[in-house]
Structure formats: structure tokens, C-alpha cells
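Novice:
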Amino acid sequence: MVTGPKSSFGWVVHLSVVVFVALWMLPTVGLLVSSFRDKDQISVSGWWTALSTSSQNLVFRAPAGDGEEVVNGRYVLKGSVLDGASGQVSAFGFSSREPAAFAPGTVADLKDGVTLTVAGDGAFELSGPASFAEGRGQRIFYTAEVPPRFTLENYRNVLTASGLGRSFLNSMTVAIPSTVIPILIAAFAAYALAWMPFPGRSLMIAAVVGLLVVPLQMSLIPLLKIYNSVGQALGFDPKSYIGIWLAHTGFGLPLAIYLLRNYMAGLPREVMESARLDGATDFQIFTRIVLPLSFPALASFAIFQFLWTWNDLLVALVFLGPQDDKLVLTGRLVNLLGSRGGDWDILAASAFVSIAVPVLVFFAMQKFLVRGLLAGSVKGG
Amino acid sequence: MKSTLLATVCASALVSGAVCAQDLKFAPGEDARFNWASYEDYAAKYNLDGQTLTVFGPWRGEDQALVESMLAYFTAASGVTVKYSSSENYEQQIVIDTQAGSPPDIAVLPQPGLIADLASKGLLTPLGDETQGWLKDNYAAGDSWVSLGTYKGKDGAPALYAFPYKIDVKSLVWYVPENFEDAGYEVPQTMEELKALTEQIVADGGTPWCIGLGSGGATGWPATDWVEDMMLRTASPETYDKWVSNEIPFTDPAVVGAIDEFGWFARNDKFVDGGAAAVATTDFRDSPKGLFASPPKCYMHHQASFIPSFFPEGTKLGVDADFFYMPAYAGKDLGKPVLGAGTLAMITKDGEASRAFIEWLKTPIAHEVWMAQSGFLTPFKAANPEAYGNGALKKQGEILLNSTTFRFDGSDLMPGKIGAGAFWTGMVDYAGGKSAADVAAAVQAEWDAIK
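One line per chain: the protein sequences are A and B, in this order. Numbering that gives the first Met the number 0 puts the first residue of the first sequence at 0, with every later residue one more than the last. Numbering that gives the first Met the number 0 puts the first residue of the second sequence at 0, with every later residue one more than the last.
1. With a threshold of 16 other CB atoms inside 10 Å of the CB of F8 (chain A), please say whether the residue is buried or exposed.
2. Tell me which residue opens and which closes the alpha helix (DSSP H) that E124 (chain A) is part of.
3. Is any beta-carbon of chain B found at less than 8 Å from that of N153 (chain A)?
4. Have a look at P221 (chain B) and L219 (chain A) and give me their C-alpha separation to the nearest angstrom.
5. For a contact defined as C-beta to C-beta under 8 Å, what are the partners of P98 (chain A) on chain B?
6. Would you verify that the beta carbon of S434 (chain B) is, or is not, closer than 8 Å to some beta carbon of chain A?
7. Closer than 8 Å by C-beta to A340 (chain B): which residues in its own chain qualify, once you throw out the five before and the five after it? Chain order, please.
8. What are the boundary residues of the beta strand (DSSP E) that includes Y83 (chain B)?
9. Please classify P414 (chain B) as buried or exposed, where buried requires at least 16 other C-beta atoms within 10 Å of its C-beta.
10. Just to confirm the assignment: which complete alpha helix (DSSP H) runs, minimum length 4, are found wholly within the region 214-293 of chain A?
11. Could you tell me the distance, in whole angstroms, from the CA atom of A448 (chain B) to the CA atom of W58 (chain B)?
12. Could you check whether M229 (chain B) and W242 (chain B) sit closer than 8 Å to each other, using their CB atoms as the reference points?
13. Is there a Cβ from chain B that is less than 8 Å from the Cβ of L57 (chain A)?
14. For the alpha helix (DSSP H) containing Q302 (chain B), list its first residue and its last residue.
15. Are the CB atoms of H301 (chain B) and W225 (chain B) within a distance shorter than 8 Å?
16. For chain B, check one thing: does any of its Cβ atoms lie closer than 8 Å to the Cβ of I241 (chain A)?
17. A315 (chain A): buried (16+ other C-beta within 10 angstroms of its C-beta) or exposed?
18. Which residues of the region 109-128 of chain B have a Cβ closer than 8 Å to any Cβ of chain A? Give them in chain order.
19. Can you name, in chain order, every residue of its own chain whose Cβ lies under 6 Å from the Cβ of L150 (chain A), other than the five neighbours on each side?
20. Quick one: does S166 (chain A) have its CB under 8 Å from some CB of chain B?
21. If you run the structure through DSSP and keep just helix, strand and coil, what is T238 (chain B)?
22. Going along the chain, which residues of the region 202-231 of chain A sit with their C-beta nearer than 7 Å to a C-beta in chain B?
23. So which residues on chain A does R284 (chain B) lean against when the C-beta distance must stay under 8 Å?
24. Kindly list, in the order they appear in chain A, the residues whose Cβ is closer than 7 Å to that of P57 (chain B).
25. In three-state terms, what does DSSP make of A436 (chain B)?
26. Tell me where the beta strand (DSSP E) around P102 (chain B) begins and ends.
27. Please report the straight-line C-alpha distance between G432 (chain B) and L193 (chain B), rounded to a whole angstrom.
28. Any residues in the region 17-49 of chain A with a beta carbon nearer than 9 Å to a beta carbon of chain B? Which ones, in chain order?
29. Mind checking which residues open and close the alpha helix (DSSP H) that includes E397 (chain B)?
30. Leaving out the 5 sequence neighbours to the left and right, which residues in its chain are closer than 6 Å to A436 (chain B) when beta-carbon positions are compared?
31. Mind listing the chain A neighbours of K82 (chain B)? Cutoff is C-beta to C-beta under 8 Å, in chain order.
32. Residue ranges of each beta strand (DSSP E) run of no fewer than 3 residues wholly in the region 110-139 of chain B, ordered along the chain?
33. Using DSSP with H/G/I as helix, E/B as strand and the rest coil, what is D475 (chain B)?
34. Does the beta carbon of F322 (chain B) come closer than 8 Å to any beta carbon on chain A?
35. If distances are taken between C-alpha atoms only, which option among B:I114, B:Y72, B:Q50, B:T74 comes closest to G56 (chain B)?
36. When the cut-off is 8 Å and only beta carbons count, does R148 (chain A) lie next to chain B?
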């Protein structure tokens, strides 16, 4: 017992952290594995089955007469049921009633003198008195041990979709100003609400906190109505980038002001008072002292807002519209899913495509995020 | 002169990123299946160069490419630049846009219930008597189409607001012909035979049906199609109409009987792949894949004409998979009823180009260029059936034309709260074991609440 009770407790902590991280990551890992799987496989079997060799019942349709030869008066058609893929056939059959009736290498008698044999490596030989060119090609059922197989096809489909690059730029055009504008406004407002005494200040703070609970879905129609009438009066299209910047700014401001005010209110009073004694104006105090000190809070809000505007679909569709030239990335990816959805292959791959930018932003600024998350919750922290 | 026209249209289309007129899938004048005369006549009549038309519809992904290929002909013929768009929540989007006063010029929607709502708020423009007469004369079973597009306006007076365009047939049962051959089964011609076949498959050790009701927030809707199909096969079309408008309550014996007819198939563990408990949880898009498993997980699947897009890749219709008409009872004299759904085009912002677009939908060519590709059926008598792109479509077209009764999907006609809410959840409850009478009473209670 050299290590003592403290470090054995540390062990437990580490272990549970590992367990929780694994639990937390599991859905993402599953999605990642699925994104590399074949479209048909995704819907048939779970992603965990893709990681090891599995026994599968498959169907192969022999070509109708293509490549058949005449040997000793019989038509012979040769090929491989595995069609180039690797695997080991363990049983085969010719009827959907008995798909595994024959062991590899044995000869099965079909009707009308036709025989079929499938070898363990997948090579098949179909032989009969008449040409196979008529009809639709014999179905060969086989059971095979199939090694894991992965494909980049899903990513290719998503990345080469027409208009994706355009939508990427559109999303950037929406997200970046929609992050910068609310921060600019909120920083000024937060300083005023935290450090400039004026009548009705507490009421204003209460109003801002109250606005936090207004669901944005409720304001979509009235807001769009105002936009339309303003757009008509000034003679421009109300569904423009300026419109969506304003909308995102409005929806983001309550949280931004609340977060920044609480952070700024926690800054030491002495610093500001001594600056004021030295003759600094409010504006100077704000730009020279408060802003640099508030950087963690600004950065963390920037991450929040960027992620939200990047991932947003609803606000973009309402204020920018679904037109091809204005469609944001989320909208483009949703449209890829087709009218009835359910394309897991595209869904999984596009999830990782759209995640790329937020992940970059997060890692670039993550050290501020945790600090900023505590903003306002630890007084004087 | 024609080519310069196309070139200018194309140039302006390129600038705006819209459909380019050079993308015409079938060169005008070349294929005799198409009614090019109607195209040329239209082009001669309309010259709206420089105008723009925004069209908002439910088609995305591959369907979007199809509708845009049709719109390209409209652009080439009329000179109007078309901007087509869609979105996942198009039902909500169209409500937001029309109410806020920034609607598209043309909206295309599949839900008559929603259209009725828009019309009653005065957000749609009536299409006029001339279009009404045209529909009546030129669509097979024209009266039923006119009544489908007729809604009460803001003033309460009924008028034609929506133009039916693109129909889906729902009364289809999908199967794998070779699996039927292997087992020696025949395609049933009557409902009695279908039920006998179902029992036969079980006796042979197989599972007859794949039924999946899962569809995210819309879970339950495939069961409403079942019930509507059974309703048309056990009760008269007039009863069906009364049910849809709630003149007879949901608890009427005819309705409860139809629900139980569906239960005969879906609530028997031996009849359904995965057992009756799997019905409500299986996704409708994954459900048909059981047909193609080895050995087959099921032999039959009831679904509308769109379902082949969820078959495994490379499945050839007519060879690997086929369908038959969901048969009617021989013992009941109800003819050959067909359940369908479809989309309706309406003018949300009146204008020269919007009117021209509705006129365009009256030309055979507007139907034929989509027919020749995939997923499009039309009751338009002047559209050449030879233009259908594949045998399956042609067969569905025949089912549509041979039907003695055509009825629109009832859940789409009911108010949204019922047809896209209580009815769905009721069917999920029913699949979960609740009795048909309890389910019907719950749906009727919701219906009473919104009256």
C-alpha cells in the first residue's frame, strides 16, 4: 500500500471518466462508422457488425447469357458470385425457399436439365441444354463470410453535390457577421448596464433577462411582416443577407448582453475607479480596461453564436429563403436527402461535413470556452 | 430566331443560377411520343422574356432534378426564368411566407387540408371558370379533380384554387415475382384470394407481409393508407366522402370495420415480419427491404408508387420487383376503387407569369416530359400514355385509368390536426394493441374538439 487511498480513488475517477467519455462518444462513433458504409448495408445491419467479418445471406443474379460458351453441346456460363469482392462462400442454393441447400462444390440440379455449382471461392458454373440468353438470368443465393468493407462513396456524393461550395460560402456569409454584430452591440450595452448608473437600469436588465425566454419561432411571422413592409417602402428584396444578420443579431442579443454584463459586473471596481480618478472617460475605460479583461466572455459568446448560426436552418429558410443561390449549408444537406428523407448514407456523411467548421472554431477557441462558461457564475473570479 | 431566344433565356438564367434552357432532356421536335405541337403553340402564344417566376414545391433531391427538367421546357417556351425551391418543412414555410406577405408566385402542395386553410385566409388566387371547365373536360374522372381543387375562399364562396398535377397511386402491393414463382404463388385477383394467399404463405412457413409505420414525426401514416384502401373496399365511395368530411363519425361501424380489416393483416404475429410489435417501430423506408432478403423476410408490401426509390440499389422494376393492384372483394359490389395522392399547383402571387404557368400545365408536353422519366402519373387524357418512361409507370397509369372509383388520400383531406395528427397516433396505438373502437373514439374526440 505505497500509493495510499488517495491515488486509488484517482484510479476510480479516471476509470469513470473513460467510461463516460466512451458512452458519450458512442453515437458519434456509430455515425462515423456508418458514414463509411454502403447505403444498402446501413439499412440492413447495425454499424457494429461492420467492424468484423460477418456471415451474410446474399443474392447474385447471373448475367442473362452474356459470356456463355458452348461446351460438348451444353451452354455453360461461368463467373463469380462475389464479383471481385473478397469472401468465402459456405453454402448456396437456387431457390428463395432454400437459399442454403447446397454445400460449396456440390452440383445442384435445377429444372429442365440445368445444373449449378458454386465453389468456396465464389466461382460458379451454370450449365444447361439451352441458351441462358432468354429470360432474366438465374438468381444464385449464397451464404458468405464477408470481411469488413468500407467506402468513400457517401462522402463523394455529398462533397460533389452541385452548389455545395456556394452554400458553404453562403453559410459563412451568414454566420460571421451574425456573430460579430451582436458582440459589438452587446459589449457596449453590457458595459453601460454594469458600470454606468442611470435611472431604470435594473428594469432594463430584468427586461433583457425576460427576453431570454421568448421562443424565436413565435416572432418569425411578425418579424418577416415588418421586413416585407420596410423592404417594400425602401424598394429592395426583404430576403437578403442584411435581413438575416439583423434577425440573428436580435435573437442573439439577450443572451449576449446578459452573459457579458454579468462578466463585466464581476470585474474589480477599484481598477475602474482609479482610472476615472486619472481622468479617463467611460469610453476610454471601456476600450482600454473592460474590453481586454472581458476577452474570455467575448470569445465564449462568439463560439456559442457562431455554432448556433452555422447550424441554424429555420431562421435561414425564413429570412433568406430556400432559393438555390441563397441556400445555406444546412439547407443544402437537407435537400440532398430527397423528398422523403431516410438516406442514412447521406445523412451520416453530411453530418461530418457540416461539423468540420464548428470543430475547427471550437478547437481554436476552446480554452476561452470553459473560462467563459463560468462567466458571471463565479463572482470576482 | 428560336435559337437566339433560347440563348438569351439561357444567359439570363445563368446569371441568376436558375434552370438553363439548354438542359432540355428531349430535343424538341425529335421524339414522336411527345406532343411537340403543343409546345410550339405555347411558345408562339407566350413571350414573357425577362420575367421571373418563383415556384415553391415539395420535391427535393432527385425529384427536384425531375421537376426542374420539366420547368426547363416552360422557360424555353415562354421566356420566363424559373426559380424553383423547396425546403424540408415546406408546410410550415409556405404558411410563414404567405402570411408574412412574401409568398412565391406559384406554390405546389400535396395537402388539400393545408390548401383549404390558405384559401380560407384569402392567400390564394382563384384559377377561374375557364380552368375549371378545362379540368372537367380533359382529366379522366374530371369532376372528382375539380372538386379536389375547389375550396372555400375568404368570402366563404367555393372556387377552384388548385390545379392537380402529378398523381401517385397508393393501392399497390409490391412483391418479388421470382419469390412467388419459387413458392408457386399466383398474383391474387380478389381480396378473398389475397387473404387466402396470406394464410397459405404462413402455412408454408413464410411470412407474408412487411409493414412499417415508422416515419419520424409522421409515424403512423402508412397505416392510414391501409385503412383508406380497406375503407374503399368495404364501404361505398359516398361513405368514404362522408367519413373524410366527418359527416359520419370516426366511430361509425364502417370506419371501425375498415380499421379492423387492416388489423387482420397487421395485428397477427404470423402475418408480419418481426411480429405485430415490430409494425409501429419499423421505418417505412426500411420495411420494403425485407422483400429482397435471403431468405425473404416477407412476400408482400403495401405502399404507394414512390416506394421503389427505397429498394436496394440496382433493383430493376418488372424483373427484380413488381407490383399488383390491391384487389377488391369479389363478394362486394364496389368495383375497382383506387386510392391516390397527388400535388396541386396554386397561384400564391398573381401575375402574368403565374397565369402563364397554369396555362403551361394544360399542355400535354408539360406532362409528357416528366412521364418519360420517372415517378409521374397523370389523369390528363391528351397526354400520350406511350410516353411513360417504363413499364411500371405505364401499368400504374392503366390502374389509374381503369379505376371505377378514384379517391384522394383521406388523411390529406381531413383537417391537419386529424389527418396529420390524431389519425396517425391513433394508428400507432392500434398497432400497439388498442381496440379499433377505442382508437376511433379517441380520434373522433379530437375532431369534436376542433369544430
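No residue lacks a Cβ here, since even glycine has one placed at the ideal position from N, Cα and C.
Specialist: Looking at the coordinates:
1. Within the first sequence, the letter at position 9 stands for residue 8 (chain A). Exposed, because fewer than 16 other Cβ atoms sit within 10 Å of the Cβ of F8 (chain A).
2. Residue numbering aside, residue 124 (chain A) sits at position 125 when the first sequence is read from its first letter. That residue, E124 (chain A), is in no alpha helix (DSSP H); its beta strand (DSSP E) goes 122-127.
3. Here residue 153 (chain A) is taken as the residue at index 154 of the first sequence, counted from 1. False, the Cβ-Cβ gap to chain B never drops below 8 Å.
4. Taking the second sequence and counting its residues from 1, the one referred to as residue 221 (chain B) is at position 222. Taking the first sequence and counting its residues from 1, the one referred to as residue 219 (chain A) is at position 220. Approximately 32 Å, taken between the alpha carbons.
5. Here residue 98 (chain A) refers to the residue found at position 99 of the first sequence. The contacting residues are S293, P294.
6. Position 435 of the second sequence, counted from the start, is the residue given in the question as residue 434 (chain B). With 8 Å as the cut-off, S434 (chain B) does not count as an interface residue toward chain A.
7. In the second sequence, counting from the first residue as 1, residue 340 (chain B) sits at position 341. Same-chain partners within the cutoff: P109, I166, D167, K169, A303, F407, D408, D411.
8. To locate residue 83 (chain B), count along the second sequence from 1; it is residue 84. Segment 80-84, the beta strand (DSSP E) holding Y83 (chain B).
9. Counted from its first residue, the second sequence places residue 414 (chain B) at position 415. It counts as buried.
10. The region 214-293 of chain A contains these whole alpha helix (DSSP H) runs: 219-233, 240-264, 268-276, 281-284.
11. Locating residue 448 (chain B) in the second sequence gives position 449, where the first residue counts as 1. Locating residue 58 (chain B) in the second sequence gives position 59, where the first residue counts as 1. Within the model, the alpha-carbon separation for A448 (chain B) versus W58 (chain B) is close to 33 Å.
12. Within the second sequence, the letter at position 243 stands for residue 242 (chain B). Within the second sequence, the letter at position 230 stands for residue 229 (chain B). Not closer than 8 Å, so no.
13. The residue labelled residue 57 (chain A) in the question sits at position 58 within the first sequence. The beta carbon of L57 (chain A) sits closer than 8 Å to some beta carbon of chain B.
14. Along the second sequence, one-based indexing puts residue 302 (chain B) at 303. Unbroken run through Q302 (chain B): none, as it is neither H nor E.
15. Translated into the one-based positions of the second sequence, residue 225 (chain B) becomes position 226. Translated into the one-based positions of the second sequence, residue 301 (chain B) becomes position 302. Taking 8 Å as the Cβ cut-off, W225 (chain B) and H301 (chain B) qualify as a contacting pair.
16. As a working note, residue 241 (chain A) is residue 242 in the first sequence. No, no contact with chain B.
17. Numbered from its first residue, the first sequence carries residue 315 (chain A) at position 316. Under this definition A315 (chain A) is a buried residue.
18. Hits within the stretch: zero.
19. For the purposes of this step, residue 150 (chain A) is taken as the residue at position 151 of the first sequence. Sequence inspection shows Thr at residue 150 (chain A); the Leu mentioned does not correspond to that position. For T150 (chain A), same chain residues with a beta-carbon under 6 Å away, outside a window of 5 residues either side, are D37 in chain order.
20. Within the first sequence, numbered from 1, the residue matching residue 166 (chain A) stands at position 167. With 8 Å as the cut-off, S166 (chain A) does not count as an interface residue toward chain B.
21. To locate residue 238 (chain B), count along the second sequence from 1; it is residue 239. In this structure, T238 (chain B) counts as helix in the three-state DSSP scheme.
22. Of all residues in the region 202-231 of chain A, only L219, I220, L223, K224, N227 place a beta-carbon less than 7 Å from a beta-carbon of chain B.
23. Along the second sequence, one-based indexing puts residue 284 (chain B) at 285. Result: S42, R339, G340, G341.
24. The count along the second sequence starts at 1 and reaches residue 57 (chain B) at position 58. Per Cβ cutoff of 7 Å: S338.
25. By one-based count along the second sequence, residue 436 (chain B) stands at place 437. Collapsing the DSSP output to three states places A436 (chain B) in a helix.
26. Here the question's residue 102 (chain B) lines up with position 103 in the second sequence. That residue, P102 (chain B), is in no beta strand (DSSP E); it is neither H nor E in DSSP.
27. Along the second sequence, one-based indexing puts residue 432 (chain B) at 433. Along the second sequence, one-based indexing puts residue 193 (chain B) at 194. Roughly 24 Å separates the two Cα atoms.
28. Against chain B - using a Cβ distance shorter than 9 Å - the residues of the region 17-49 of chain A are D37, K38, D39, S42, V43.
29. What you label residue 397 (chain B) is simply residue 398 of the second sequence in a count that begins at 1. Per DSSP, the unbroken alpha helix (DSSP H) holding E397 (chain B) starts and ends at 390-401.
30. In the second sequence, the residue the question calls residue 436 (chain B) occupies position 437. Once the five neighbours on either side are set aside, the close Cβ partners of A436 (chain B) are V255.
31. Taking the second sequence and counting its residues from 1, the one referred to as residue 82 (chain B) is at position 83. By Cβ distance, chain A contributes Q322, D323.
32. If we require 3 residues or more, the region 110-139 of chain B turns out to have no beta strand (DSSP E) run fully inside it.
33. In the structure displayed, chain B extends from 0 to 450; residue 475 (chain B) sits before or after that span and is not available.
34. In the second sequence, the residue the question calls residue 322 (chain B) occupies position 323. Output row for F322 (chain B): interface = no.
35. Position 57 of the second sequence, counted from the start, is the residue given in the question as residue 56 (chain B). Per the C-alpha coordinates, the member of B:I114, B:Y72, B:Q50, B:T74 positioned closest to G56 (chain B) is B:I114.
36. Taking the first sequence and counting its residues from 1, one reaches residue 148 (chain A) at position 149. No, no contact with chain B.
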